[in-house]
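In our numbering, each residue's number is its place in the sequence shown (first place is 1) plus 87. Note that CB positions come from ideal geometry on N, CA and C, so glycine has one too. See structure below.
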Amino acid sequence: MIALMLALGSSLAYGCADFLGGLGARKAHVLRTVMIAAPASLAVELLLWPFIGASFSPGAVGWGAASGIASAVAFALLYKTLAIGPMNVLSPVTALVSAMLPVGVGIFQGEHLGLTGLIGLPLALTAAVLVSAGGGTGVMRPSRTAMLLALGAGSAIALQLIFLHQAPSDSGVAPLITGRAVSSAVTLTAAGLMFRSLGSERPAYAMSAAAGVLDSVANLLFLLAARSGDLAVVAVITALYPAGTVLLARGVLAERIHRGQLVGFGTAAVAVSLLALA
Numbered sequence: 088m089i090a091l092m093l094a095l096g097s098s099l100a101y102g103c104a105d106f107l108g109g110l111g112a113r114k115a116h117v118l119r120t121v122m123i124a125a126p127a128s129l130a131v132e133l134l135l136w137p138f139i140g141a142s143f144s145p146g147a148v149g150w151g152a153a154s155g156i157a158s159a160v161a162f163a164l165l166y167k168t169l170a171i172g173p174m175n176v177l178s179p180v181t182a183l184v185s186a187m188l189p190v191g192v193g194i195f196q197g198e199h200l201g202l203t204g205l206i207g208l209p210l211a212l213t214a215a216v217l218v219s220a221g222g223g224t225g226v227m228r229p230s231r232t233a234m235l236l237a238l239g240a241g242s243a244i245a246l247q248l249i250f251l252h253q254a255p256s257d258s259g260v261a262p263l264i265t266g267r268a269v270s271s272a273v274t275l276t277a278a279g280l281m282f283r284s285l286g287s288e289r290p291a292y293a294m295s296a297a298a299g300v301l302d303s304v305a306n307l308l309f310l311l312a313a314r315s316g317d318l319a320v321v322a323v324i325t326a327l328y329p330a331g332t333v334l335l336a337r338g339v340l341a342e343r344i345h346r347g348q349l350v351g352f353g354t355a356a357v358a359v360s361l362l363a364l365a
């Protein structure tokens, strides 16, 4: 139950971070947004170090660095995907891909779920699609480029979660600090090499920094959840993050919540209940 609650918190934080990051990427080049978000995430994790602790063992540093590279790619691809849109088509694609790969790894590593878990997992995936999908009429079809970006973003998110899960359980926030330091370095290097093509638009500083802070909180909650529960279950619950994006879009942008999305919220509640019993 603790792992489930942590995973739900991670999902909500990821959804809010994606909403802010996607809006920020509409105001300036995506790398300008990530240049602010990634260091902001690192600052949060450094602040957590004295309270949670960190053991920089080879395993923690290695898996953390791998997650950092995946995180840098995920940041850029996801924000670019959400900026291109349509969000209601691309977001569920990203969520499904980001969930399915960790589920496969968890099952391969010997995680076993009861009957309620086997029912709850596909229900949660269905909920992620329903919640992040918009209305059925007048929906824009995504371009091939946007779809490829969504698939790439989902894969990068999945790899980031898998790598974090592989880090030693007694390493504290060391994998997060290492990962975020690596992702910040990769992002700043890429921005330096592409400086002339970034445009002159000023990024949304506060929005981008908030996205980075929330992403850091989401990573921490996921790491704690994965250490106390099954990767397959935690990854699927975390994949419900489009719910946070939808709720923020409703509250901030006054976007409608469609009937199918309401069904998705109900499905998610049933799925979470079943997974809790599992």
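To which residues of the same chain is leucine 327 closer than 6 Å at the C-beta, ignoring the five residues directly before and after it? Ser98, Ala215 and Ala355
Decide if aspartate 257 is buried, meaning its Cβ has at least 16 other Cβ atoms within 10 Å, or exposed. exposed
List, from N- to C-terminal side, the beta strand (DSSP E) runs of 3 residues or more that fit wholly inside the stretch 217-305. none
Can you look up alanine 163 in the DSSP assignment and give me helix, strand or coil? helix
Would you call the stretch 238-252 and the stretch 150-162 touching, i.e. three or more CB-CB distances under 8 Å? yes
Selected residue, minimal CA-CA separation from glutamine 253, among Ala152, Pro137, Ser128 and Val121: Ala152
Of the residues Val357, Ala90 and His116, which one's Cα is nearest the Cα of serine 287? His116
Quick check: the Cα distance between methionine 122 and serine 271, rounded to an integer number of angstroms? 7 Å
Return helix, strand or coil for alanine 319, following the three-state DSSP convention. helix
Compute the Euclidean distance between the alpha carbons of leucine 285 and lysine 167, then round it to the nearest angstrom. 13 Å
Cα separation between alanine 233 and leucine 165? 10 Å
Considering only DSSP beta bridges, list what alanine 356 is partnered with. DSSP output for alanine 356 lists no bridge partner at all.
With 16 other Cβ atoms within 10 Å as the buried cut-off, status of valine 339: exposed
Any contact between the stretch 313-323 and the stretch 179-198? By contact I mean 3 or more CB pairs, one from each, below 8 Å. yes
Close beta carbons around threonine 224, own chain, < 8 Å, minus the five adjacent residues each side: Residue placement at threonine 224 is poorly supported in this model, since its pLDDT is 47, which falls under 50; the coordinates still yield a value, given next. None.
Which same chain residues end up closer than 7 Å to isoleucine 89 when comparing Cβ atoms and leaving out the 5 residues on each side of it in sequence? Ser315
Just tell me which of Leu308, Arg119, Ala104 and Pro255 has its CA closest to the CA of alanine 281. Reading off the sequence, residue 281 comes out as methionine, not alanine. Checking every option, the nearest Cα to that of methionine 281 belongs to Arg119.
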